[in-house]
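Residue numbers (mature numbering (1 follows the signal peptide of the UniProt record, and there is no 0)): -19 to -1, 1 to 411.
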């Protein structure tokens, strides 16, 4: 099987490299009401409207241990986050951690590209605030991805420059060593930059399932997959903004792409919990970046305040841009409605070994976040700081009801993480 190593010549990377060259950037939590009930040093003030006990990520060890369960849950409704042993993700450039961190290295184009180890739902770099790294306080999982830069031929037992685990012994010094090493660091992160929902099926078929088949995963273990997709679908609507046909970018095709991928995965993977992230308000990127020098290229004329390479719909100036942004917001609601109907259909199946969660995209409120939430390279993709807040915000809502899940993440200097409790269960359904 030929693996999807980073696509050097895709339009996405060309767009980002062009933007970075123009701007000269290539060179260098949530809680219960009131204060936290645990007044420990380092404990921060989380959001007052989310229940639970909260600590900083660095103080996760202060969270109490959980009472061990007698048996592995047989029903998805009884699964607690620490029951998860395998973690997976499918999606687009956000899930691969595209441009999450700037770099001072100019030795490789790849050095400015993917930071999979920082990716909010599946990253495993040491010290990164990610879903699996938070979960590791209570349960060790397999599948998390790590950041890797193709710089030179690996040597046995050397540490990766980012501080992630040593080169696995399974990586041989053959002509395919880069494929082997890339797969090892990629883990079960099947996301591919530039993907739309119709790409998710191939991510499952061509990468996730073959990778799982080599991992000796028990059928009795519970698995978790995060589905994060939609920004490219929404941005693509500019190609046919007035079309009512079920073309790429339509709500019907969008929901079908997610359904087909998840159905394929559940057909081969028993005991599966699926978390689907709704669309955040992509159009709000325009107001956030419009007049901020963090994003302004000195080479652009005043009439073009943004470099609209990655999402014309969101970043075009003037009346045309105002129209496309309104259409984007309308389309986002239609996309969410179509996916919610798919989730309702799944719920009616009453499959005890399959559970689906819906995380409304409204929990990502770009309009209230600082500009540092965006990558300094392209002012479009989320920065490492944003990945950290989304990871903690998602974790803090995993066991909540839909109304609570919808509440926006409050951007605070310190990232607060909710401690698991014995009676916590995944907030399945809608």
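Quick reminder that beta carbons are idealized off the backbone N, C-alpha and C, glycines included.
Exercise. Could you tell me which uninterrupted beta strand (DSSP E) segments, each at least 3 residues in length, are contained entirely in the stretch 191 to 273, listed from first to last along the chain?
Key: 203 to 209, 253 to 258
Quiz item: Going by alpha carbons, who is nearest to residue 315 out of 297, 261, 275, 335?
Solution: For the purposes of this step, residue 315 is identified with residue 334 of the chain shown, where counting begins at 1. Residue 261 is the option with its Cα nearest to residue 315.
Practice problem: Please go through the same chain and pick out, in chain order, the residues whose beta-carbon is closer than 6 Å to the beta-carbon of residue 56, but skip the five residues on each side of it. | Solution: Walking along the chain shown from the start, residue 56 turns up at place 75. Answer for residue 56: 333, listed in chain order.
Quiz item: Any heavy atom of the ligand PLP within a distance shorter than 7 Å of the CB on residue 402?
Solution: This structure does not include the ligand PLP; it has no bound ligands of any sort.
Quiz item: Using DSSP with H/G/I as helix, E/B as strand and the rest coil, what is residue 405?
Solution: Within the chain shown, the letter at position 424 stands for residue 405. Coil, per DSSP.
Self-check item: Beta-carbon contacts of residue 264 that lie in its chain and below 7 Å, excluding the five residues immediately before and after
Solution: Taking the chain shown and counting its residues from 1, the one referred to as residue 264 is at position 283. Answer for residue 264: 295, 306, 309, 310, listed in chain order.
Exercise. Go through the stretch 50 to 133 residue by residue and report every complete run of the beta strand (DSSP E) that reaches 3 residues or more, in order.
Key: 65 to 72
Quiz item: Name the DSSP bridge partner or partners of residue 37?
Solution: Position 56 of the chain shown, counted from the start, is the residue given in the question as residue 37. Partner(s): 397.
Quiz item: Out of 368, 397, 405, 340, which has the shortest C-alpha to C-alpha gap to residue 353?
Solution: On the chain shown, position 372 is the one that residue 353 refers to. Answer by Cα proximity: 368.
Practice problem: Would you kindly work out how many angstroms separate the C-alpha atoms of residue 102 and residue 312, rounded to a whole number? | Solution: Mapped onto the chain shown, residue 102 falls at position 121. Mapped onto the chain shown, residue 312 falls at position 331. If I take the Cα positions, the gap works out to 25 Å.
Quiz item: Which residues does DSSP pair with residue 355 in a beta bridge?
Solution: In the chain shown, the residue the question calls residue 355 occupies position 374. Looking at the DSSP assignment, residue 355 forms a beta bridge with 363.
Exercise. Rounded to whole angstroms, what's the CA-CA distance from residue 50 to residue 41? Just pull it up for me.
Key: On the chain shown, residue 50 is found 69 positions in, with the first residue counted as 1. On the chain shown, residue 41 is found 60 positions in, with the first residue counted as 1. Between residue 50 and residue 41, the C-alpha separation is close to 21 Å.
Quiz item: Is residue 104 buried or exposed, if buried means 16 or more other CB atoms sit within 10 Å of its CB?
Solution: Locating residue 104 in the chain shown gives position 123, where the first residue counts as 1. With 16 or more Cβ atoms within 10 Å of its Cβ, residue 104 is classed as buried.
Self-check item: Cβ-Cβ distance between residue 108 and residue 399 below 8 Å
Solution: For the purposes of this step, residue 108 is taken as residue 127 along the chain shown, with counting starting at 1. For the purposes of this step, residue 399 is taken as residue 418 along the chain shown, with counting starting at 1. No.
Self-check item: Collapsed DSSP secondary structure at residue 185 in the structure displayed
Solution: Reading the chain shown from its first residue, position 204 is the one you call residue 185. Three-state result, residue 185: helix.
Practice problem: Return no unless some Cβ of chain D is closer than 8 Å to the Cβ of residue 261. | Solution: Absent here is chain D; the protein component of the structure consists of one chain.
Practice problem: Kindly give me the distance between the Cβ atoms of residue 378 and residue 385, rounded to whole angstroms, as I take these residues to be in contact under 8 Å. | Solution: Taking the chain shown and counting its residues from 1, the one referred to as residue 378 is at position 397. Taking the chain shown and counting its residues from 1, the one referred to as residue 385 is at position 404. 7 Å between Cβ atoms; contact.
Practice problem: Count the CB pairs spanning the stretch 344 to 358 and the stretch 69 to 76 that are closer than 8 Å, and state whether there are at least three. | Solution: no
Quiz item: Where does the unbroken alpha helix (DSSP H) through residue 327 begin, and where does it stop?
Solution: Translated into the one-based positions of the chain shown, residue 327 becomes position 346. It spans 299 to 328 - the alpha helix (DSSP H) in which residue 327 sits, taken as one unbroken run.
Quiz item: Could you give the distance in angstroms between the alpha-carbon of residue 173 and the alpha-carbon of residue 405?
Solution: As a first step, residue 173 must be located in the chain shown, where it is residue number 192. As a first step, residue 405 must be located in the chain shown, where it is residue number 424. Each residue's alpha carbon lies about 33 Å from the other.
Quiz item: Start and end of the alpha helix (DSSP H) containing residue 294?
Solution: Counting from 1 along the chain shown, the entry for residue 294 is found at position 313. Residues 293 to 296.
Quiz item: Any idea which residues DSSP pairs residue 335 with across the strands?
Solution: Walking along the chain shown from the start, residue 335 turns up at place 354. In the DSSP output, where bridge partners are listed per residue, residue 335 has 253.
Quiz item: With 16 other CB atoms within 10 Å as the buried threshold, where does residue 129 fall?
Solution: Locating residue 129 in the chain shown gives position 148, counting from the first residue. Result: buried.
Practice problem: On a CA-only basis, which of 166, 397, 184, 239 is nearest residue 370? Give me that one, please. | Solution: Taking the chain shown and counting its residues from 1, one reaches residue 370 at position 389. When each option's Cα is compared against that of residue 370, the closest is 397.
Quiz item: Can you list, in chain order, the residues of its chain whose CB lies under 6 Å from that of residue 350, leaving out five sequence neighbours each side?
Solution: Numbered from 1 along the chain shown, position 369 holds the residue referred to as residue 350. Cβ within range, chain order: 392.
Quiz prompt | Own chain, CB closer than 8 Å to residue 120, minus 5 neighbours either side, in chain order | solution = Along the chain shown, read from residue 1 onward, the residue named residue 120 stands at position 139. If we look at residue 120 and ignore the five residues flanking it on each side, its Cβ neighbours are 62, 63, 64, 65, 66.
Quiz item: In whole angstroms, what separates the C-alpha of residue 112 from that of residue 300?
Solution: Your numbering for residue 112 matches position 131 in the chain shown. Your numbering for residue 300 matches position 319 in the chain shown. Straight-line Cα distance between these residues: approximately 40 Å.
Quiz item: Under the three-state reduction of DSSP, which class applies to residue 374: helix, strand or coil?
Solution: For the purposes of this step, residue 374 is identified with residue 393 of the chain shown, where counting begins at 1. Reduced to three states, the DSSP call for residue 374 is helix.
Self-check item: Test item: CB-CB of residue 97 and residue 166 under 8 Å
Solution: Position 116 of the chain shown, counted from the first residue, corresponds to residue 97. Position 185 of the chain shown, counted from the first residue, corresponds to residue 166. Taking 8 Å as the Cβ cut-off, residue 97 and residue 166 qualify as a contacting pair.
Quiz item: Whose CA, out of 95, 125, 402, 36, lies closest to the CA of residue 205?
Solution: Position 224 of the chain shown, counting from 1, holds the residue named residue 205. Measuring from the Cα of residue 205, the nearest candidate turns out to be 125.
Practice problem: Take residue 176 as the anchor and find which of 164, 235, 197, 195 has the nearest alpha-carbon. | Solution: On the chain shown, residue 176 is found 195 positions in, with the first residue counted as 1. It is 235.
Quiz prompt | Whole-angstrom distance between residue 74 and residue 135, CA atom to CA atom | solution = In the chain shown, counting from the first residue as 1, residue 135 sits at position 154. In the chain shown, counting from the first residue as 1, residue 74 sits at position 93. Model confidence at residue 135 stands at a pLDDT of 39, short of 50, so the residue's coordinates are unreliable; what they give is reported in the following sentence. Distance between the alpha carbons of residue 135 and residue 74: 26 Å.
Practice problem: Check the C-beta distance from residue 337 over to residue 210 and give it rounded, since I have them as a contact under 8 Å. | Solution: Mapped onto the chain shown, residue 337 falls at position 356. Mapped onto the chain shown, residue 210 falls at position 229. Residue 337 to residue 210, Cβ: 15 Å. No contact.
Quiz item: Does DSSP classify residue 342 as helix, strand or coil?
Solution: Position 361 of the chain shown, counted from the first residue, corresponds to residue 342. Helix, per DSSP.
Quiz item: By Cβ distance below 8 Å, which residues in the same chain neighbour residue 239 in space, the five residues on each side in sequence not counted?
Solution: Along the chain shown, one-based indexing puts residue 239 at 258. Counting only Cβ-Cβ distances below 8 Å, and skipping sequence neighbours, we find 178, 181, 208, 210, 257, 320, 323.
Self-check item: Close Cβ partners of residue 382 (< 8 Å) along its chain, the five nearest in sequence each way excluded
Solution: Here the question's residue 382 lines up with position 401 in the chain shown. Correct list, in chain order: 408.
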